[in-house]
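As structure tokens, the structure follows; a few thoughts come after it.
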Amino acid sequence: MFYALLALALIYDFLNGFHDSANLVATAIYSRSIHPRLAWLLAAPSEFAGPFLFGVAAATTIGYELLDERVLQTPVILAALGAAVIWNLITWLLGIPSSSSHALLGGLLGAAIAFSRGVAIVRMPGLLHVI
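Going by the working numbering, the first residue of the sequence shown is number 925, and it counts up by one from there.
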């Protein structure tokens, strides 16, 4: 299961960069404000440097404040990543703008609720903080 989790995490990460970087630069490229090559050269290091410069507060909130820790087991995380990967691929194929982070959040909430068979596992203050 570890290798499946690792593979899905890497696929999600690749799609996150591929999917969300396009959303990041699409308006500037379409309006011809910036050349596509320059837009990508600015977007790639910016996406990489973001967590180092601005921290990982959102990830910390999702990891510690959103769900009861008892539900954060490997099958739940696999289901959440799998759902986010599938959603990212579908929205990319259909040309629909979508956030990879929201896809992961939705997958995590859905998998946790299904695993625990109820919404009591969700910490509402944490959910409201994320939303």
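Ideal Cβ positions, reconstructed from N, Cα and C, are used throughout, including at glycine.
Nothing here was measured: the structure is a model prediction, and the numbers come from that model.
Residue 1000 (DSSP reduced to helix, strand or coil) = Residue state, collapsed to three classes: helix.
request  = Provide the residue span of the alpha helix (DSSP H) that contains residue 971, from first to last.
outcome  = Taken as a continuous stretch (DSSP letters only), the alpha helix (DSSP H) holding residue 971 covers 960-978.
Simplified DSSP assignment, three categories, for residue 991 = Residue 991 sits in a strand when the DSSP states are folded into three classes.
key: Neighbour-count burial assignment, residue 974, 16 or more Cβ in a 10 Å radius   = With fewer than 16 other Cβ atoms from the protein chains shown falling within 10 Å of its own Cβ, residue 974 counts as exposed.
message = When you compare the stretch 1033-1047 with the stretch 967-982, are there three or more beta-carbon pairs, one atom per stretch, that lie closer than 8 Å?
response = No contact exists between the stretch 1033-1047 and the stretch 967-982.
key: Strand pairing of residue 1046, partner residues [DSSP]   = Looking at the DSSP assignment, residue 1046 forms a beta bridge with 991.
ask   = How many Å lie between residue 925 and residue 957 at the Cα?
value = Between the alpha carbons of residue 925 and residue 957 lies a distance of about 46 Å.
key: Through-space distance from residue 1009 to residue 932, alpha-carbon basis   = If I take the Cα positions, the gap works out to 8 Å.
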